[in-house]
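Chemist: The sequence shown begins at 204 in the numbering used here and counts up by one.
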Amino acid sequence: MALASVAETEAMLRERLIPIEAYRAHLDTGEFLSDWLTVDQEMIDRFAAATHDYQFIHVDPARAKAESPYGGTIAHGFLTLSLLSTLAYDALPGVIGTKMGVNYGFDKVRFLNPVRVGTRVRGRFRMIGLTERAVTLQTSWDAAVEIEGGVKPALSAQWITVAVLEPPAE
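(1) Could you tell me whether the stretch 326–338 touches the stretch 260–277, using the rule of 3 or more Cβ pairs below 8 angstroms?
(2) Give me whichever residues DSSP pairs with L358 in a beta bridge.
(3) With DSSP as the reference, label A228 as helix, strand or coil.
(4) Give every residue of the same chain whose Cβ lies closer than 8 angstroms to the Cβ of K311, excluding the five residues on either side of it in the sequence, and list them in chain order.
(5) For Q244, which of helix, strand or coil comes out of DSSP?
(6) Can you tell me where the alpha helix (DSSP H) holding V209 begins and where it ends?
(7) Helix, strand or coil, according to DSSP, for T159 in the structure here?
(8) Once you ignore the five residues that flank L333 on each side, which residues in its own chain have a CB closer than 6 angstroms to its CB?
(9) On the CB-based measure, 16 or more other CB atoms within 10 Å of its CB, does N316 come out buried or exposed?
(10) Within 8 angstroms, do at least three Cβ pairs link the stretch 261–276 to the stretch 294–314?
(11) Does R266 come out as helix, strand or coil in the three-state DSSP assignment?
(12) What are the partner residues of G332, as DSSP defines its beta bridges?
(13) Are the Cβ atoms of I277 and V318 separated by less than 8 angstroms?
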């Protein structure tokens, strides 16, 4: 499920477009699950390079094994948070006529469990709020990043996204 380009991302999003009426029907109903995604050391190292966060528990496997309680390296909490986007591309519907989507923010984020290197994670999402405006949809999601085989998720968040829509035909 790892997306590697704008074209792949847009193709994934196009596959999940639904009419606005069907989108509204998801409010306070079922959950959406993404596929599993492996968090490997290469991903962690690339995130460390992008954010300049080289704490040893993330990038030094030998030292993390010897000195941390995790038995090896773990993903940055903010890496886990940023994975919500790709997990959402795999799981969440979009609305026909959407020009682009943007992150609006979070009302709550909690890092509940470390993501050890080599672990698979997936997203679990439930629509809990929807505000419709002339050319935008603001959606609130209960979101979690689950760890395969884990009891507690790695992350729990209330995530707010905005879809910018094509203007209605006159």
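Yeah, the Cβ is synthetic: ideal placement off N, Cα and C, and Gly gets one too.
Modeler: On the basis of the coordinates in this document:
(1) no
(2) F314 and V348
(3) Reduced to three states, the DSSP call for A228 is coil.
(4) S359, A360 and Q361
(5) In the structure shown, Q244 sits in a helix (DSSP, three-state: H, G or I).
(6) Start and end: V209 to E218.
(7) Residue coverage of the chain in this structure runs from 204 to 373, which leaves residue 159 outside it and unanswerable.
(8) Correct list, in chain order: L230 and T342.
(9) buried
(10) no
(11) helix
(12) Beta-bridge analysis with DSSP links G332 to S343.
(13) Cβ atoms of I277 and V318: closer than 8 angstroms.
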